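J.:
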Amino acid sequence: MFPKSVLFVCTGNTCRSPMAQALFDTMLKQKNIDGVSCDSAGLSAFDGEAASENSIEAMNELGIDITSHRSKTVTRDLLDETDLIVCLSKGHFDILRNFVDEKKLKILGSGITDPFGMRYSEYVRTRDEIETALRQLLEEFYA
């Protein structure tokens, strides 16, 4: 299956999933892959929050600007409209499999640790972990 829409899901949609969305968008552009829309949302997000300062800074190091990101909550419509839902942890996967066909779900890597509230270095480590896992995802679906 060649997913035309990808949704990255974490808890609050201010750290992991915005970084994953921006990184994946960048990777798709670098590979000249068109026609794939990327989005992100959180299972416990408060709509309208900016990405965390540490996430913004970690992405800036790679030349990627996520300052315009605003968090949003996962909705039924969002789940139904998406071809591939990439969960940032097994816990997110376990929750979402109650609402969508497991064939639409994937855990990114072996799950990505939540850096929320930690030192900046943990955000950088998380960003790098996401990037590595996304390269594998890209190869799996778009090679």
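Its first residue numbered 0, the sequence shown is counted upward by one per residue in numbering that gives the first Met the number 0.
Ideal Cβ positions, reconstructed from N, Cα and C, are used throughout, including at glycine.
Predicted, not measured: the structure shown is a model, and the values here were computed from it.
1) Go through the stretch 6-65 residue by residue and report every complete run of the alpha helix (DSSP H) that reaches 4 residues or more, in order.
2) Output needed for residue 16: all residues of its chain with C-beta closer than 8 Å, excluding positions within five of it in sequence on either side, in chain order.
3) Please classify residue 53: is it buried, with 16 or more other beta-carbons within 10 angstroms of its beta-carbon, or exposed?
4) Do you know offhand how far residue 36's Cα is from residue 11's?
5) Please name the residue or residues paired with residue 124 in a DSSP beta bridge.
6) If the criterion is Cβ atoms closer than 8 Å, does the pair residue 2 and residue 98 meet it?
7) For the alpha helix (DSSP H) that residue 89 lies in, which residues bound it at each end?
8) Please state if the CB of residue 107 and the CB of residue 185 are separated by a distance shorter than 8 Å.
9) State the start and end residues of the unbroken alpha helix (DSSP H) segment that holds residue 104.
10) Out of 47, 61 and 72, which has the shortest C-alpha to C-alpha gap to residue 126?
11) If residue 110 sits next to residue 89, beta carbons under 8 Å apart, how far is it from one beta carbon to the other, in whole angstroms?
12) Alpha carbons only, please: which of 75, 133 and 13 is nearest the one belonging to residue 69?
13) Helix, strand or coil: how does DSSP classify residue 118 here?
T.: This is what the structure gives:
1) 15-29 and 52-59
2) 7, 8, 9, 39, 40, 41 and 87
3) buried
4) 21 Å
5) Note: residue 124 sits in no beta bridge, so no partner.
6) no
7) 89-95
8) Any property of residue 185 remains undetermined from this structure, which presents the chain solely from 0 to 142.
9) Element bounds for residue 104: not the alpha helix (DSSP H) but the beta strand (DSSP E), 104-106.
10) 61
11) 5 Å
12) 13
13) coil
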